[in-house]
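Peer 1:
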Amino acid sequence: MTPEITIAILMTVVGASTPILLAALGELVVEKSGVLNLGLEGMMLIGAVAAFAVAATTGSAWLGALVAMLAGAAAALIFGVLTLTLTANQVATGLALTIFGVGVSSLVGAPFVGMTVEGLGTLFPESLADDAWGRILFGHNPLAYVSLLAVVLVVWFLNRSRAGLILRAVGESDEAAHSIGYSVIGVRYLAVLFGGAMAGLAGSCYSLVLTPLWADQLTAGRGWIALALVVFASWRPWRLFLGAYLFGGVMTLELHAKAAGLSLLEPEFLAMLPYLATIAVLTIISLRRSGARAGAPACLAKPFRASA
Amino acid sequence: MTLIKRRDLLAGGAALASLPLLGRAAQAAPLGVGFVYVGPVGDHGWTYAHDVGRKNLEAALGDKIKTSFVENVAEGPDSERVLRQLAKAGNGMIFTTSFGYMNPTIKVAKQFKKVKFEHATGYKRSKNVATYNARFYQGRAVCGTIAGHMSKTGVAGYIASFPIPEVVMGINAFTLAARKVNPNFKTRVLWVSTWYDPAKEADAAKALIDQGADIISQHTDSPAALQACEQRGLHAFGQASDMSAFAPNAHLTAIANNWGKYYVERVGQALDGSWASGDTWWGMKEDIVQMTPYSKAVPEAARKAADAVRDGITAGTWDPFQGPITDNKGKSRLGAGKALGDGDLHKMDWYVAGVES
Chain G
25 MTPEITIAIL MTVVGASTPI LLAALGELVV EKSGVLNLGL EGMMLIGAVA
75 AFAVAATTGS AWLGALVAML AGAAAALIFG VLTLTLTANQ VATGLALTIF
125 GVGVSSLVGA PFVGMTVEGL GTLFPESLAD DAWGRILFGH NPLAYVSLLA
175 VVLVVWFLNR SRAGLILRAV GESDEAAHSI GYSVIGVRYL AVLFGGAMAG
225 LAGSCYSLVL TPLWADQLTA GRGWIALALV VFASWRPWRL FLGAYLFGGV
275 MTLELHAKAA GLSLLEPEFL AMLPYLATIA VLTIISLRRS GARAGAPACL
325 AKPFRASA
Chain P
785 MTLIKRRDLL AGGAALASLP LLGRAAQAAP LGVGFVYVGP VGDHGWTYAH
835 DVGRKNLEAA LGDKIKTSFV ENVAEGPDSE RVLRQLAKAG NGMIFTTSFG
885 YMNPTIKVAK QFKKVKFEHA TGYKRSKNVA TYNARFYQGR AVCGTIAGHM
935 SKTGVAGYIA SFPIPEVVMG INAFTLAARK VNPNFKTRVL WVSTWYDPAK
985 EADAAKALID QGADIISQHT DSPAALQACE QRGLHAFGQA SDMSAFAPNA
1035 HLTAIANNWG KYYVERVGQA LDGSWASGDT WWGMKEDIVQ MTPYSKAVPE
1085 AARKAADAVR DGITAGTWDP FQGPITDNKG KSRLGAGKAL GDGDLHKMDW
1135 YVAGVES
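Chains G and P are the protein sequences, given in the same order.
Quick note on numbering: the first sequence equals residues 25 to 332 in the working numbering.
Quick note on numbering: the second sequence equals residues 785 to 1141 in the working numbering.
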């Protein structure tokens, strides 16, 4: 394999991994607070269409990315009102949010089918990305750097900050957190909004970076991979980071292996690999006696009603 | 004071509702023609082409017919409900424009024996269900000719969905035509196991390019691969309709589907009573398969050669599957001077020499 191809593959892997990482990171924080939002795919689509619509109308891709975060958060707010305030079933509401997202993005996107926009471009001047190392360090899309920064920030937030400690407390023992005076619902609302914004940004990665066009169901099921990734990473941000690149790597290498004429595995098999890996990890987690509780937040998907 | 009873209201409503029907019956009632689409009419591909055909039909037959369509109908059980509704609404003829409507069409056709059904790309027929398709592989031969002229590396990348005969014959026609220009030409096929996944299609195009392909053809539906080629400064062929808006420099030409002619003919037959079930497989000769204008990137020699192939196919003097044909395992599949029959094409499951799959 020539260095040229190696770098090209690396660039594609980063592109494929970035949106999964962004969406999964948001969902990780949501689940750490004890809420399960299965509507990732829907929020990503809403973000994708919002980003494209804004970029196509105003000509500013950055404004598009910002509006994508707001739109994702707005969709998450619907989920929050239903599940947190009205204590509706989180699984059913999340699935409904996905179906809603598919429909509403198709409706909003209808006038934009067949248009293209100027994508986000690159963050650094092109002269920096001239040689091989320059490309590897500076040649990626801007959201790739945002996603790496987000990993560091989320790790710091969850493990080092007081607010992160409260969020984890709410996710592990809502009654206890409530009894010492923390607003369980308030914390969960913030987490859900953050998750929505991250999913929206992940969606904009498709419509502004990877394939700067609008077409129905642009994300084509990546939200489900991001959901599986959170479990795969057993709710740890660093593992999530590695997992995102593992999943992105498998998706890209599959194509390259086939394009090079190597058929190691059937494409259908590779397509199910992320989910298979998730099931395997779940099995391992539940087999380890001490680790059984180490992963999932204790209050995950459990509705909370404040008693008195 | 008169008490208006609910029953009177209902009766009155029914009488009112039947009035427009009476009005229509007085004139010669236009034939209702319904269309069922799998995607949105704005998809710039498959469904869009069918809807252009519907508009051609309206323009041609005017007030003798009345068309309607339902878009975004999922293949499977949901389509059966839509079909039944269209039949109940009084449509005399219904076109179902995707492969997955095959069984629902046959089923609903049994219940509405007076309604004429036309199913695109399927193979099940009955007394009131006809099937139709287009010889897209003829267009692939034109694309292959251009690719043979324009590729510097002599390697084309082909993003393919599923190994069904429809896709396989496209790959083969493309490769055979390209090898007539450049005998060492290779087509590298990448199966992506989806009709539609923009991000995956774009990554597939990039992977093929990184592995040496410098021209891309696709049998998937999104314009993402074209955009990837645009970014890399390479060329590609559009799918199902002109996709040059997405990639003005990369887009060379596309195979466009002109269904209108078939629709006008079949609905005309329904109107004059000569309609009968059957299977129609039209191509360039009948003008149902067309090439969109070549971009200025196509050099003069390639343009001439492509036109010669197109005109030859139209005139019936150039067959994309003209023998001798050897498959990619070295086995002879067709002797010199022989042609493949439609039956052989419909069950094609082998690749011609030059295909790397």
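Every residue gets a Cβ at the ideal spot worked out from N, C-alpha and C, and that includes glycine.
Excluding the five sequence neighbours on either side, which residues of its own chain have a C-beta within less than 6 Å of the C-beta of Arg1087/P, listed in chain order?
Peer 2: The residues are Tyr1078.
Peer 1: Nearest chain G C-beta to Ala809/P closer than 7 Å, yes or no?
Peer 2: Any reading at Ala809/P must be qualified, since the residue scores a pLDDT of 43, below 50, and its modelled position is unreliable; the value itself is stated next. Cβ-Cβ to chain G under 7 Å: no for Ala809/P.
Peer 1: Do Gly996/P and Val965/P have their C-beta atoms closer together than 7 Å?
Peer 2: No, these two residues do not count as a Cβ contact at 7 Å.
Peer 1: If we count the other Cβ atoms within 10 Å of its Cβ and call it buried at 16 or more, is Ile303/G buried or exposed?
Peer 2: Exposed.
Peer 1: Leaving aside the five residues before and after Leu805/P along the sequence, list all residues of the same chain whose C-beta is less than 6 Å from its C-beta, in chain order.
Peer 2: Note that Leu805/P has pLDDT 46, beneath the 50 cutoff, so the model's placement of it is unreliable and no number is given.
Peer 1: Note down the Cα distance separating Pro43/G from Trp86/G, rounded to an integer number of angstroms.
Peer 2: Approximately 16 Å, taken between the alpha carbons.
Peer 1: Check the DSSP bridge columns for Ala284/G and list the partner residues they point to.
Peer 2: BP columns for Ala284/G are empty, so no partner.
Peer 1: For the beta strand (DSSP E) containing Met1027/P, list its first residue and its last residue.
Peer 2: Neither: Met1027/P is in no beta strand (DSSP E) and is coded neither H nor E.
Peer 1: Between Thr235/G and chain P, is there a C-beta pair that is closer than 7 Å?
Peer 2: Yes, Thr235/G lies at the interface with chain P (some Cβ there is under 7 Å from its Cβ).
Peer 1: Identify, in the order they occur along the chain, each residue of the same chain with its Cβ nearer than 6 Å to the Cβ of Arg212/G, setting aside the five sequence neighbours on each side.
Peer 2: Ser57, Val59 and Leu108.
Peer 1: Quick one: does Lys326/G have its CB under 7 Å from some CB of chain P?
Peer 2: Output row for Lys326/G: interface = no.
Peer 1: Use the C-beta contact count for Val176/G: other C-beta atoms within 10 angstroms, 16 or more gives buried, fewer gives exposed.
Peer 2: Val176/G should be labelled exposed.
Peer 1: Whose C-beta lies closer than 7 Å to the C-beta of Phe148/G among residues of the same chain, with five residues either side of it excluded?
Peer 2: Answer for Phe148/G: Phe162, listed in chain order.
Peer 1: Quick check: what's the CA-CA separation for Asp981/P versus Gly273/G?
Peer 2: The alpha-carbon atoms of Asp981/P and Gly273/G are separated by roughly 17 Å.
Peer 1: Taking Ala1009/P as the reference, give the member of Lys970/P, Glu864/P and Lys984/P with the closest Cα.
Peer 2: Of Lys970/P, Glu864/P and Lys984/P, the residue nearest in Cα terms is Lys984/P.
Peer 1: Give the secondary structure of Ala241/G by DSSP, where H, G and I count as helix, E and B as strand, and everything else as coil.
Peer 2: The amino acid occupying residue 241/G in the given sequence is Gln; Ala does not appear at that position. Coil.
Peer 1: Can we count Leu144/G as close to the ligand NAP, meaning its CB is less than 6 Å from some heavy atom?
Peer 2: By its list of ligands, the structure shown contains no ligand whatsoever, and the ligand NAP lies outside what it can speak to.
Peer 1: Between Asn917/P and Gly1127/P, what straight-line distance do the alpha-carbon atoms span, to the nearest angstrom?
Peer 2: Each residue's Cα considered, the two are about 14 Å apart.
Peer 1: Glu65/G versus chain P: which residues are under 7 Å apart at the beta carbon?
Peer 2: Here the premise fails: no neighbours, minimum Cβ distance about 13 Å.
Peer 1: Per DSSP, what are the beta-bridge partners of Ile209/G in this structure?
Peer 2: For Ile209/G, which the question treats as bridged, DSSP gives no partner whatsoever.
Peer 1: Could you check what DSSP says for Lys897/P in three-state terms: helix, strand or coil?
Peer 2: Lys897/P falls in the coil class under three-state DSSP.
Peer 1: Check each residue of the stretch 120 to 137 of chain G: if its Cβ is closer than 8 Å to any Cβ of chain P, include it; give the result in chain order.
Peer 2: Here the close residues are Ser130, Ala134 and Val137.
Peer 1: Considering only the beta carbon of each residue, do Ala79/G and Val141/G sit closer than 7 Å?
Peer 2: The answer is yes: Cβ separation under 7 Å.
Peer 1: Sorted by chain position, which residues of the same chain lie with C-beta nearer than 6 Å to Arg868/P's C-beta, five sequence neighbours on each side aside?
Peer 2: For Arg868/P, where only same-chain residues beyond five positions count, the Cβ hits under 6 Å are Val892.
Peer 1: Looking at chain G, is there any beta carbon in it that lies within less than 7 Å of the beta carbon of Gly1138/P?
Peer 2: Closer than 7 Å: no.
Peer 1: For the stretch 923 to 974 of chain P, which segments carrying the alpha helix (DSSP H) assignment without a break, of at least 4 residues, lie completely within its bounds, in sequence order?
Peer 2: Fully enclosed alpha helix (DSSP H) runs of 4 or longer: 949 to 965.
Peer 1: How would you list, in chain order, the residues of chain G whose beta-carbon sits under 9 Å from the beta-carbon of Pro1007/P?
Peer 2: Gly138, Thr140, Thr235, Leu237 and Ala239, listed in chain order.
Peer 1: Using only CA atoms, which one of Phe969/P, Ser852/P and Gly823/P lies nearest to Ser882/P?
Peer 2: The shortest Cα separation from Ser882/P among Phe969/P, Ser852/P and Gly823/P belongs to Gly823/P.
Peer 1: Report yes or no: is there a C-beta of chain G within less than 7 Å of the C-beta of Gly826/P?
Peer 2: Gly826/P counts as touching chain G.
Peer 1: Using a 10 Å radius around the Cβ and a threshold of 16 neighbouring Cβ atoms, would you call Tyr5/G buried or exposed?
Peer 2: Here chain G has residues from 25 to 332 only, and residue 5/G is not among them.
Peer 1: Return the chain-ordered list of same chain residues with a C-beta closer than 6 Å to the C-beta of Ser1141/P, the five sequence neighbours on each side being excluded.
Peer 2: Contacts found: Val973 and Tyr1135.
Peer 1: Exposed or buried, what is Ser1025/P when buried is set at 16 or more other beta-carbons lying within 10 Å of its beta-carbon?
Peer 2: Its Cβ being crowded by 16 or more others within 10 Å, Ser1025/P is buried.
Peer 1: If you draw a straight line from the alpha carbon of Asp727/P to that of Ile102/G, how long is it in whole angstroms?
Peer 2: Residue 727/P is absent from the model: chain P starts at 785 and stops at 1141.
Peer 1: How many Å lie between Arg865/P and Gln895/P at the Cα?
Peer 2: In a straight line, the C-alpha of Arg865/P is about 13 Å away from that of Gln895/P.
Peer 1: Quick one: which residues of the stretch 219 to 232 of chain G get their C-beta closer than 7 Å to a C-beta of chain P? List them in chain order.
Peer 2: Those residues of the stretch 219 to 232 of chain G that come within reach of chain P (Cβ to Cβ, closer than 7 Å) are Tyr230.
Peer 1: Among the candidates Gly224/G, Ala134/G and Leu182/G, whose CA atom is the shortest distance from the CA of Arg246/G?
Peer 2: Selected option, being the one with the closest Cα: Gly224/G.
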